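Trainee:
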Amino acid sequence: MQFNLETALAAWRRTLTYNRVINGDDLDELERHVRDQVEALSRIGVPKDEAFHRAVREVGSYDDVEREYGKVYWGKVRHGHQLKAEIVWRVSMLKNHLKIAWRSMLRQKGYTFINVAGLALGIACTLLMLLYVRFELGYDRFHEKADRTYRVWMEQTGEGTTSQHAVSPPALAPALRRDFPEVQQTVRLGSGGGGEHLIRPSPDAPYEQITVAYADPNFFDVFDFPLLAGSSETALAEPYSVVLTESAAQRYFGKLDVIGRALEVRLRDNVRDVTVTGIIEDIPAQSHFSFEMLGPIATIQREFPGPTNDDSWRYFWAYTYVVLADGFEAVDLEGRLPALAEHYMGDQMAQRGIRFAYHVQPLTDIHLHSHLESEWQPNGQMAYVLTFSIVALLVLLVAIINFVNLATARSAKRAREVGIRKVVGAARTQLVRRFLAESMLLTGIAFVMAIAIALLALPLFNRLTDAELAPRILLEPGMLMIIVTCFMVVSMLAGSYPALFLSGFRPIDVLKSRIIGRSPREAWVRRGLVVTQFVISIGLISGTCGIYIQLRFMKTADYGFDKELIVALPNYSSMQQALSSETVKEQLLSHPGIERVSAIQRLPGDENRILTNAAVIPEGFTNNIPIMWHFIDPDYVPTLGLELTAGRNFDPDLATDVDDAFLINEAAARRFGWDQPVGKKLLNPVDREAMGAVVGVINDFHVQSLHDAVAPIVFLPVSRPGHVRHYAVRLASGDVQETLRFLETKWKQFAPDRAFTYTFLDDSFDALYRLDERMGRLSSGLAVMAILIACLGLFGMAAFTAEQRTKEMGVRKVLGASVYSIVLLLSKNFAALVLVGFIIAAPLTYVIMNRWLADFAHRISLGPGIFLLAGAVALAVAMGTVSYHALKAALADPVSSLRYE
Amino acid sequence: MISKALVAASLKPFILSILADGESYGYEIIQRVQDLTDGRLQWTTGTLYPLLHSLETKGLLEGMWREAEIGPRRKYYRLTSKGYGALATEKQQWLSVHEALLKLWGPDQALSSA
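Protein sequences, first through last, are from chains S and A.
Counting from 1, position 228 in the first sequence corresponds to residue 228 in this note's numbering; the numbering is continuous, with no gaps.
Here this note's numbering runs 1000 ahead of the position in the second sequence, where the first position is 1.
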């Protein structure tokens, strides 16, 4: 490059222009000096550029000038006007930096866009994940007393098995209040006995289902659900009053002004009128329980005395919450609970041979950490929240890596500019500041883009995760602070590498056009970064595949019975009274599209809220074993397609079967330790009399998700109309729609005042896997993000490399290399990187996936197929990205490539 | 090479003395010092000019801008009457130190130098 004194002088002068100490006059003087010196040196034969270099060095660095002049102008003491001058100076410095950064950005629009877009995507992912984590962690925190509120749960141990339940006896709450001064308040919540609740606002309206809860009158004291109408003190004071949610009121009455209105409620066999005494806002998503209608416990105590009594210790249906007084800790309470259990339940425990223990859990822990039986609704998983936070951070890492890589590569193109600056004495700190300013500008733009992307994607994200994130959450002060902090961190991180790296150039290398970026160390760093990106991407892809395969497995695995084409129809209480199951079956079977019908108590796939375990003493045992009961009819086995592995089914013609016969499943036979189960007796735990004998064994089948192993079950024949809650109908394949229409007509006959509903059994099983499906969706979303960002980065890298080797490619073409071989050459290196990434990712993902799968009682085994697929996808995508530039380089005119410089 | 302290201490007397001979500008002053000391005394631009400004602020020097043929103008300095007075003081102080040292080292040392 030709040295031009005027240009160099101008550049050098510019660097000192922004010095806060010297003014224009001083600068003139210094420039004059430099010129004089250069002239003098030239006269004795020193080349101009070296003379300039020397003269400028003698003036001293920016910092030296500042210091020396500063000593004179400012002396030892800092004056007021100095500070003002300093601020003015700093601001103009920043403006100058930003202006230069902006200009350099515009000059390389393409790269810049890729850089910023990749970073923005990564940040958007992280933002959304942050919101989601906050959402999950924040369940139940909106209650004012949340910090002091706890739920008491129950552990039941008998005969070697332990079960843990979220529900407890109704007598627990009053006892706690009585005996424990540290308990300030207690509240019981019940789910309405598990039976359906139907309401209708007026006699001419149809009945509709509604979710109901029952609570103690002080419910609103403990839980903050603001009342839109009515008074929180009196709303639950009287039995047969109800509080409705906003949307429930709208749905049934069309308006909210309904205090005092009457509603007809149907509960099991009873019809009652209730009065609306309050309206509350809809229960927010961040609550671990939810309902549309709330009534006082007093109501069900009137309706179903006995199990609901305040002194009943034998029935477990109440969710018991306590508020501790200030100054008391949960441990204090928990320590005294064993004594309480002994005192009130000691007799029962001795009699039934079961031990009960009570424990305390914080309200705010329930959503993520509580997985007891009979939870109000399935809770989230802390493990998932953690995993996704980590993965989102990984995606952000990928994005930052890209940013750094590309920024560094981009700067290499501007190395000459850097070189000159250094020659003319720009201090390293100044350069660092300039690059940091540039990275801050780019990061700032990326952040703004990211927020826009996040806001746009929020509805989709909400659907993916079943969350309810409102846009305004992003603007909360807490979030904003986090965003700003992240912005600082990311821009520092992203900017520091190129800044430090570039300002460390030796100017002479640059001026003499020794291309920066060729040093082996830098190349290794870049390679390492690309490999990391692909490790993460391949890991995510294979992980997602694994999740989906496990999900598919769980849905299609052998459940032990044939769950296809089985429809479950409700047996309403009205029907129970009027129609015997024989009549119903007869009528239904008359239709050719119906193969079998069974009258049953509970459906497989159902999630029940009442403790349905009861204890029994199997023959050969001395103590009780808690076990699950099912009421079934003789058609159950054939309808569901089950098999009897020993003995026989219930026989409707045998009178003894009704009272004395049991069926058990294989798991129960194993549990009881019976090789020959048929004929063995089951004893009543209370009086140890035989209740009957086992007549047959059914094969193991799943009534719950494949997360759990098959539980031991005892089957009894349906003996009361009230046992039959559902009809399971097996449909013939063929015109299912027509059969459904037939069923609808029939049900209109059976229950004219009810809306017709039905569920397919495999649908209700699918619903059990909602949480896992959510995981799958999130995982695939993140995988797509990761690979998208990795490709953006790869695109930039490929461009950079292709450009660097333009001359080489030109020469090769001239020497006769084919397009194909050039493309191969350029792509080879990247392919190798992907391969390395694959080698690292595969075992890591294998280990992590196995740990996740260990939670499932039934799981797939991970074969190499998933990993190979993920690797292949990554490779294909990478090659596709790289090929654009490779092809461009291969097809370029060698003449122009060789002229390039 | 001459120690930093000595260089620093001699700056002011040198400048005042050189300018006593007539007005001059920065580069020229540096050149003169180099000639006078055969290159043993080296001043950097960064040290000279601030001092010139300092002396100017104190009123010992007076600066004037003169246009040059190529490039920016030059700033010429010359002593003010106050400057001459300061020079006299400097001379007096320097010489008294010098004489005291000579008494220790012997008069013949003045003629030979290291």
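Don't be surprised by glycine CBs; every beta carbon is placed ideally from N, CA and C.
It should be emphasised that the depicted structure is a prediction, and the values quoted were computed from it without experimental measurement.
Taking Ile848(S) as part of the alpha helix (DSSP H), name the residues at either end of that continuous run.
Mentor: For the purposes of this step, residue 848(S) is taken as the residue at position 848 of the first sequence. Start and end: 819-853.
Trainee: Are Pro1013(A) and Glu1062(A) closer than 8 Å when you measure CB to CB?
Mentor: Here residue 1013(A) refers to the residue found at position 13 of the second sequence. Here residue 1062(A) refers to the residue found at position 62 of the second sequence. Contact flag unset, no.
Trainee: Could you compute how far the alpha carbon of Ala668(S) sits from the alpha carbon of Asp347(S)?
Mentor: Counting from one through the first sequence, the residue named residue 668(S) turns up at place 668. Counting from one through the first sequence, the residue named residue 347(S) turns up at place 347. Their Cα atoms are separated by approximately 28 Å.
Trainee: Between His1053(A) and chain S, is the shortest Cβ-Cβ distance under 8 Å, so that the two count as touching?
Mentor: Numbered from its first residue, the second sequence carries residue 1053(A) at position 53. Taking Cβ atoms only, chain S reaches closer than 8 Å to His1053(A), which makes this a yes.
Trainee: Taking Tyr1027(A) as the query, report the chain S residues whose CB atoms sit under 7 Å from its CB, ordered along the chain.
Mentor: Start at 1 with the first residue of the second sequence, and residue 1027(A) comes out as number 27. Residues of chain S passing the Cβ test: His33, Asp36, Gln37.
Trainee: According to DSSP, is His591(S) helix, strand or coil?
Mentor: Numbered from its first residue, the first sequence carries residue 591(S) at position 591. Here His591(S) sits in coil by DSSP.
Trainee: Is the CB-CB distance between Gly1083(A) and Leu1016(A) below 8 Å?
Mentor: Along the second sequence, read from residue 1 onward, the residue named residue 1083(A) stands at position 83. Along the second sequence, read from residue 1 onward, the residue named residue 1016(A) stands at position 16. In this structure, Leu1016(A) lies closer than 8 Å to Gly1083(A) by Cβ.
Trainee: Any contact between the stretch 287-295 of chain S and the stretch 365-378 of chain S? By contact I mean 3 or more CB pairs, one from each, below 8 Å.
Mentor: The stretch 287-295 of chain S, when compared against the stretch 365-378 of chain S, does touch it at the 8 Å Cβ threshold.
Trainee: For a minimum of 3 consecutive residues, which ranges assigned as the beta strand (DSSP E) are wholly contained in the stretch 127-197 of chain S?
Mentor: 149-158, 161-165, 183-190
Trainee: Identify the contact partners of Lys1058(A) in chain S, using a Cβ-Cβ distance below 9 Å as the criterion.
Mentor: Translated into the one-based positions of the second sequence, residue 1058(A) becomes position 58. Per Cβ cutoff of 9 Å: no residues; Lys1058(A) is ~10 Å from chain S at best.
Trainee: Using a threshold of 8 Å, state whether the C-beta atoms of Asp700(S) and Gly593(S) are closer than that.
Mentor: The residue labelled residue 700(S) in the question sits at position 700 within the first sequence. The residue labelled residue 593(S) in the question sits at position 593 within the first sequence. Against a cut-off of 8 Å, the Cβ pair of Gly593(S) and Asp700(S) comes out as no contact.
Trainee: Report the partner residues of Ala599(S) according to the DSSP bridge assignment.
Mentor: Here residue 599(S) is taken as the residue at index 599 of the first sequence, counted from 1. Partner(s): Tyr727(S).
Trainee: If I follow the unbroken alpha helix (DSSP H) through Lys681(S), where does it start and stop?
Mentor: Locating residue 681(S) in the first sequence gives position 681, where the first residue counts as 1. Run containing Lys681(S): none in the alpha helix (DSSP H); it sits in the beta strand (DSSP E), 681-683.
Trainee: Which term fits Val32(S), buried or exposed, when burial requires 16 or more other beta carbons within 10 angstroms of its beta carbon?
Mentor: Against the first sequence, residue 32(S) aligns to sequence position 32. Residue identity check: residue 32(S) is Arg in the sequence provided, not Val. By the 10 Å Cβ count, Arg32(S) comes out buried.
Trainee: Would Tyr62(S) count as contacting chain A if we go by Cβ distances under 8 Å?
Mentor: Translated into the one-based positions of the first sequence, residue 62(S) becomes position 62. Output row for Tyr62(S): interface = no.
Trainee: Under the rule that 16 or more other beta-carbon atoms within 10 Å means buried, what is Met488(S), buried or exposed?
Mentor: Against the first sequence, residue 488(S) aligns to sequence position 488. Its Cβ having fewer than 16 others within 10 Å, Met488(S) is exposed.
Trainee: Do the stretch 291-302 of chain S and the stretch 194-214 of chain S make contact, defined as three or more Cβ pairs closer than 8 Å?
Mentor: yes
Trainee: Let's test the definition: count the other Cβ atoms within 10 Å of the Cβ of Arg14(S) and tell me whether it reaches 16, buried, or not, exposed.
Mentor: Residue 14(S) sits at position 14 when you count from the first residue of the first sequence. Answer is exposed; the Cβ neighbour count stays below 16.
Trainee: By DSSP, does Tyr240(S) sit in helix, in strand, or in coil?
Mentor: Stepping through the first sequence from its first residue, residue 240(S) is reached at position 240. Looking at Tyr240(S) - three-state DSSP - the assignment turns out to be coil, as it is neither helix nor strand.
Trainee: For the stretch 526-576 of chain S, list the beta strand (DSSP E) runs that are entirely contained and at least 3 residues long, ordered along the chain.
Mentor: With a minimum length of 3 residues, the continuous beta strand (DSSP E) runs that stay inside the stretch 526-576 of chain S are 566-570.
Trainee: How big is the Cα-Cα spacing for Arg434(S) and Lys95(S)?
Mentor: Counting from one through the first sequence, the residue named residue 434(S) turns up at place 434. Counting from one through the first sequence, the residue named residue 95(S) turns up at place 95. So the alpha carbons of these two residues sit roughly 11 Å apart.
Trainee: Give the straight-line distance between the Cα atoms of Pro305(S) and Glu136(S), rounded to the nearest whole angstrom.
Mentor: Here residue 305(S) is taken as the residue at index 305 of the first sequence, counted from 1. Here residue 136(S) is taken as the residue at index 136 of the first sequence, counted from 1. Going by the C-alpha atoms only, they are around 39 Å apart.
Trainee: Quick one: list the residues of chain A neighbouring Tyr69(S), beta-carbon separation under 9 Å, in chain order.
Mentor: Numbered from 1 along the first sequence, position 69 holds the residue referred to as residue 69(S). Ordered by position in chain A, the residues that pass the 9 Å Cβ test against Tyr69(S) are Gly1046, Tyr1049, Pro1050, His1053.
Trainee: Which residues in chain S sit within 8 Å of Arg1073(A), going by Cβ to Cβ distance?
Mentor: What you label residue 1073(A) is simply residue 73 of the second sequence in a count that begins at 1. Those within 8 Å of Arg1073(A) in chain S are Asp28, Arg32.
Trainee: Have a look at His343(S) and Leu172(S) and give me their C-alpha separation to the nearest angstrom.
Mentor: Start at 1 with the first residue of the first sequence, and residue 343(S) comes out as number 343. Start at 1 with the first residue of the first sequence, and residue 172(S) comes out as number 172. Each residue's Cα considered, the two are about 12 Å apart.
Trainee: Kindly indicate the opening and closing residues of the beta strand (DSSP E) around Pro1050(A).
Mentor: Numbered from its first residue, the second sequence carries residue 1050(A) at position 50. No beta strand (DSSP E) contains Pro1050(A), which is instead part of the alpha helix (DSSP H) from 1045-1058.
Trainee: Under 7 Å between beta-carbons, which chain A residues line up against Glu58(S)? List them in chain order, please.
Mentor: As a working note, residue 58(S) is residue 58 in the first sequence. Within chain A, the residues near Glu58(S) are Thr1044, Thr1045.
Trainee: Report yes or no: is there a C-beta of chain A within less than 8 Å of the C-beta of Val65(S)?
Mentor: Indexing the first sequence from 1 puts residue 65(S) at position 65. So, interface residue.
Trainee: Are the beta-carbon atoms of Ala841(S) and Ile538(S) separated by less than 8 Å?
Mentor: On the first sequence, residue 841(S) is found 841 positions in, with the first residue counted as 1. On the first sequence, residue 538(S) is found 538 positions in, with the first residue counted as 1. Yes, the Cβ-Cβ distance between Ala841(S) and Ile538(S) is below 8 Å.
Trainee: Which residue marks the beginning of the alpha helix (DSSP H) containing Tyr207(S), and which one marks its end?
Mentor: In the first sequence, residue 207(S) corresponds to position 207, counting from 1. No alpha helix (DSSP H) holds Tyr207(S); DSSP gives it neither H nor E.
Trainee: Which residues of chain A have a Cβ atom closer than 7 Å to the Cβ of Val46(S), listed in chain order?
Mentor: Translated into positions along the first sequence, residue 46(S) becomes position 46. At a C-beta separation below 7 Å, Val46(S) has no neighbours in chain A, since its nearest C-beta there lies roughly 15 Å away.
Trainee: For Met72(S), which residues in chain A fall below 7 Å Cβ to Cβ?
Mentor: In the first sequence, residue 72(S) corresponds to position 72, counting from 1. The sequence as given places Val at residue 72(S); Met does not occur at that position. The contacting residues are Pro1050, His1053, Ser1054.
Trainee: Run through DSSP, which three-state label would Phe701(S) get?
Mentor: Here residue 701(S) refers to the residue found at position 701 when the first sequence is read from its first residue. Coil, per DSSP.
Trainee: Helix, strand or coil for Ile1070(A) per DSSP?
Mentor: Residue numbering aside, residue 1070(A) sits at position 70 when the second sequence is read from its first letter. Coil at Ile1070(A), not helix or strand.
Trainee: Residues in its own chain within less than 8 Å of Ile1018(A) by CB, not counting five upstream and five downstream?
Mentor: Counting from 1 along the second sequence, the entry for residue 1018(A) is found at position 18. Taken in chain order, the residues that qualify are Ser1024, Ile1029, Arg1032, Val1033.
Trainee: What's the C-alpha gap between His1098(A) and Tyr1027(A)?
Mentor: As a working mapping, residue 1098(A) is identified with position 98 in the second sequence. As a working mapping, residue 1027(A) is identified with position 27 in the second sequence. For His1098(A) and Tyr1027(A), the distance between alpha carbons rounds to 29 Å.
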